[in-house]
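Protein chains in written order, with our numbering: chain G, 243 to 685; chain W, 243 to 685.
A virtual CB, placed ideally from N, CA and C, is assigned to each residue, including glycine.
A short worksheet on the structure shown next.
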């Protein structure tokens, strides 16, 4: 079954779309995507996923098979099914470029399009921005906590499906990770791929030393040997013996991986064994339930670990596996709109975010205002699509990665810690407040 | 870029595969997938994802483009890249059918295949079984907690990517959910789809009553109106007025949805309004941060809510967004194997799980033994693939759903609660223990 992606949406988007078409409600709708509230242990977020949103919006079409499926549900009229044949996204998109740091209530994407189009794309746009921004934000915490260390995404196997696997590789690299273990992510995004060896490889051999030697001969410049299958310290001595024996052949052991036990303590023992034996160049890599908290612990105790495989806890964002995000109608047919449900009230109108920098070059405060207003600082949302087409070629992922690096450098020191932090200052303009009050009076 | 799925794997699977081929290690490997440990708030798990594993194993091939990508990495020999051209999975698979309840250390899938094949598929097999089993297990808790209620998967937008969105719809339906809001899941899996309306629809209209009427006319038999955009109680009265006015035209209001506020209290008020007005048939549907704990709360207070939209917290398994699962080598070339890393030791050999039922028809205990042993009860792993081909047509999802229903009915009462429970009895045979000891002596 081929999928165009058009049905990656909630059924209600389609029933509402039919109702809009029947009522002739084709006026311009303005929707913005934002996060309502930070998880308790986050002090900032990193925007990611825009490129996949643009690709989706440019490509979304209904195939004959998809229309036939919808026709069979019993909810749609023949006229609606026919109208879907010509469906295209023809709207405008403004957004924060990928890698931009953002805060609650700040829109990171605005869609301005005929109502039925803007409604249909809600589910998938959210699905794409939510996941990658969540992962990039989690990964950024790792990057800040372990400066200078190699950080590799190891999480494909427990990511929530294949797309989560490859997109978490992408989002973590954007946020500053060194690379991924997922081959498909390397192919799709041109990002660096890394690999070590598994316990099964060691176990398949009758003895560990033999497993190490075979692998080193097969990967003469890249062998990273897993040394915790039986006894880590004994295995480290075997690595030394092997490194001595293979050096004359031009085969070098690149490093070892620890995957269980007290990582800091074992790393110190193993480092001493290698250094004493004259192999200071053999690196130590660690994995196993690594997240930013474990990294803080190991880095602060000075564990001689050069790199980390960061898996499940990063790409499921294990402590907060979702963000309280929304894609909300801000304006329809020229009239501002606002949701007033308890605890879910939103700011109406088309908005922009301006960011001021302090004399130290760090973020000194943001202003959330209407696009028609002007505030001090740099406007963060920029035009990315007009009339359903992207305005320029896709941004190289490396460029987003460089932006993320600069942005993370710009974070106020107080926001760089892992625990709960004071809120960053986001001022809401009088223009936005007055508009909200006007909308409330009108409804 | 077309993807065959072959690169949905960790790079190390490929480097190990190259080493195996170079060494002529083509012997038969036996790997089993199991969960090491239950999350604190789970007392059982539900197997799911087998059908996607079979589809993957039957289809996995390397395209020319994928081989060209690997050739460019600098880790692989031309001979290996050439060998990938003919790659096929030719192994055998035994597994617990989808919907089977299982416990820690019990394999739910065994792969017996030439070592390079069994190694390559590790990452994707885990990725598929882990996610769906995790979601089915979470969804089953909701089903047990809210018997007789309509439960609909609402979570696509915050699922971790598109595949997680559609597979969580599938896994939750398998576990007993009524359906999903995700259109693509309906198309792919033939499962029921449901939809209501969004706040944006109400807000796009100048007044709420007009929005309700237009939607009801567009969905004359299915209109489920969202009534919390402004004032829930006032909106409920509007629904009554509308229902009265449209009844003569044969248009019926199917129900209403509450999405914020005190759901139990609002449901009681709204129910009273409908009943007093002579509309006992208008159903009440609730959504917003629903999970099994919220369901327990609402059901136990007798809230008159007929159905629930269960989203983010179910399909991200928010309290435990991953399982401690593994795909471990149990035997290579006729020799049993075992991992002995601290806290990660595994039982060696090809294993089977037998389940005994008590006189009440409920599970009375499992036995984990070697396939060569015999124990009381029903063996849970059955043959599903031989020589790389499935043994029968795909099982209809409805059949797995029926199995899950029977299995959940068979759970001992003590395991049906939501909080931490005593461990279910899984006995390990003397045969397994002796084999483990023999492996330990040999290495």
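Beta-carbon to beta-carbon, residue 611(W) and residue 596(W) are separated by about 7 Å, close enough to satisfy the 8 Å threshold. By the CB criterion at 7 Å, residue 331(W) and residue 299(W) fall inside the cutoff. The Cβ-Cβ distance between residue 255(G) and residue 349(G) does not fall below 7 Å.
Of all residues in the stretch 382 to 410 of chain G, those with a C-beta nearer than 7 Å to a C-beta of chain W are 398, 399, 400, 401, 402, 403, 404, 405, 406, 407, 409, reading in chain order. Annotation: Cβ neighbours of residue 441(W) in chain G (cutoff 8 Å, chain order): 570, 571, 581, 583. For residue 549(G), the beta-bridge partners assigned by DSSP are 392(G), 527(G).
In this structure residue 354(W) is buried. Its beta-carbon is surrounded by 16 or more other beta-carbon atoms within 10 angstroms. The C-alpha of residue 479(G) lies about 53 Å from the C-alpha of residue 427(W). Runs of the alpha helix (DSSP H) lying entirely within the stretch 328 to 408 of chain G and spanning at least 4 residues, in chain order: 357 to 362, 364 to 387. In the DSSP annotation of this structure, residue 246(G) is not part of any beta strand (DSSP E), being labelled neither H nor E. Contact annotation for residue 435(W) against chain G: 253, 315 [CB-CB distance below 8 Å, chain order].
Counting C-beta pairs closer than 8 Å gives fewer than three between the stretch 565 to 575 of chain W and the stretch 537 to 550 of chain W, which falls short of the contact rule.
Counting every other CB atom within 10 Å of its CB across the protein chains shown gives residue 257(W) a total of 16 or more, marking it as buried. Residue-level contact check: residue 563(G) touches chain W, since one or more beta carbons of chain W fall below 7 Å from its beta carbon. Nearest to residue 666(G) by C-alpha distance, out of 658(G), 673(G), 672(G), is 658(G). Chain-ordered listing is empty here: chain G has no CB closer than 7 Å to the CB of residue 338(W), the nearest sitting near 19 Å.
Counted as a single uninterrupted DSSP element, the stretch harbouring residue 502(W) is not any alpha helix (DSSP H), since DSSP gives it neither H nor E.
Interface annotation, residue 310(G): not in contact with chain W, CB-CB separation never under 7 Å. When the beta-carbon positions are compared, residue 385(W) and residue 418(W) come within less than 7 Å of each other.
Contact annotation: the stretch 516 to 528 of chain W touches the stretch 486 to 498 of chain W, with at least three C-beta pairs closer than 8 Å. If you keep only unbroken beta strand (DSSP E) runs of at least 3 residues inside the stretch 613 to 647 of chain G, you get 624 to 628.
Along the stretch 422 to 505 of chain W, the alpha helix (DSSP H) occurs as fully enclosed runs of 4 or more residues at 425 to 431, 441 to 446, 450 to 460, 474 to 488, listed in sequence order. Proximity of the stretch 379 to 393 of chain W to the stretch 383 to 403 of chain G falls short of the contact definition, fewer than three beta-carbon pairs being nearer than 8 Å.
Cβ-Cβ distances below 7 Å link residue 450(G) to 444, 471, 472, 477, 480 in the same chain, with the five nearest sequence neighbours on each side left out; the list follows chain order. DSSP links residue 252(W) through a beta bridge to 424(G). About 6 Å separates the beta carbons of residue 668(W) and residue 347(W), which is inside the 8 Å limit, making them a contact pair. Around residue 365(G), the beta-carbon contacts reaching into chain W at under 7 Å are 398, 399. Residues of chain G with a Cβ closer than 7 Å to the Cβ of residue 457(W) are, in chain order, 261.
In this structure, DSSP gives residue 290(W) a state outside helix and strand, which the three-state scheme calls coil. Here residue 431(W) has 412, 639 as same chain residues with Cβ atoms under 6 Å from its own Cβ, once five neighbours each way along the sequence are excluded. The beta carbons of residue 356(W) and residue 253(W) sit no closer together than 7 Å.
With respect to chain W, the C-beta atom of residue 429(G) has a partner C-beta closer than 7 Å. DSSP places residue 564(G) in no alpha helix (DSSP H); its state is neither H nor E. Taking the Cα positions, residue 587(G) is about 22 Å away from residue 555(W).
Under the Cβ criterion of 7 Å, residue 460(W) is counted among the residues facing chain G. In the displayed model, residue 598(W) falls within a strand according to three-state DSSP.
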